[in-house]
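For reference, the structure is listed below as structure tokens.
In my numbering, the protein residues as written are 0 to 158.
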């Protein structure tokens with residue numbers, strides 16, 4: 000299961016609107032001038048936060064943090080569909096047109112046509128997969144709202 004924390008932006012009628020902030024690929028360093036991934040993941044920069052909606056029956060407060068999860072297999076199948084279907088179409092179109100015509104220009108045209116067809120096929124299949132709950136993130140756990148958190152120091156415990 001792939002897990003990520005998100006912030007509640009709104010909750011209305013059983014649907015939570017959540018924001019996941021993008022972060023660097025490895026998340027292991029605090030360097031500001033290294034590879035540049037940190038600079039892209041900071042708020043207000045080029046990488047926008049993604050907003051999405053998830054059904055959740057219990058009320059949530061704005062600003063509350065929730066942990067989301069999606070199955071690794073679902074994520075892998077989605078990535079394969081999105082990347083491999085257009086690539087397979089591109090290669091198949093080029094090979095088919097090269098075999099039929101023997102012309103390189105026709106092979107290039109076949110590659111473009113096959114890639115476009117593969118992209119459209121992937122888009123259609125992704126639309127069908129979107130309805131399947133296995134491909135939707137789910138809320139795994141909910142952090143307490145700030146108003147309900149209470150930190151008790153050692154001196155407060157003694158007194």
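All C-beta atoms in this analysis are idealised placements derived from N, C-alpha and C, irrespective of residue type, glycine included.
According to the neighbour-count rule (16 or more other Cβ atoms, all chains shown, within 10 Å of its Cβ), is residue 44 buried or exposed? The sequence position of residue 44 within the chain shown is 45, counting from 1. With a pLDDT of only 46 at residue 44, under the threshold of 50, the placement of this residue in the model should not be trusted; the figure read from the coordinates follows. Exposed.
According to DSSP, simplified to helix, strand and coil, what is residue 46? Taking the chain shown and counting its residues from 1, the one referred to as residue 46 is at position 47. Low local confidence applies: a pLDDT of 46 at residue 46 is under 50, so the model's placement there is unreliable, and no value is given.
Neighbourhood of residue 140 by C-beta distance below 8 Å, restricted to the same chain and skipping five residues each side: On the chain shown, residue 140 is found 141 positions in, with the first residue counted as 1. Closer than 8 Å at Cβ, skipping near neighbours: 65, 66.
Can you find at least 3 beta carbon pairs, one from the stretch 50-61 and one from the stretch 77-88, that sit closer than 8 Å? no
Let's test the definition: count the other Cβ atoms within 10 Å of the Cβ of residue 7 and tell me whether it reaches 16, buried, or not, exposed. The residue given as residue 7 occupies position 8 in the chain shown. So residue 7 ends up on the buried side.
Between which two residues does the beta strand (DSSP E) carrying residue 6 extend? Taking the chain shown and counting its residues from 1, one reaches residue 6 at position 7. Unbroken beta strand (DSSP E) run through residue 6: 1-11.
Per DSSP, what kind of secondary structure is residue 61 in: helix, strand or coil? Walking along the chain shown from the start, residue 61 turns up at place 62. Three-state result, residue 61: coil.
Tell me where the alpha helix (DSSP H) around residue 97 begins and ends. Residue numbering aside, residue 97 sits at position 98 when the chain shown is read from its first letter. 71-100 is the extent of the alpha helix (DSSP H) around residue 97.
Taking the alpha carbon of residue 3 as the reference point, which residue from 70, 12, 96 has its own alpha carbon closest? Within the chain shown, residue 3 is the residue found at index 4, counting from 1. Answer by Cα proximity: 70.
Contact test: residue 93 Cβ vs the ligand MN heavy atom, cutoff 7 Å: The ligand MN is absent from the structure shown, which contains no ligands of any kind.
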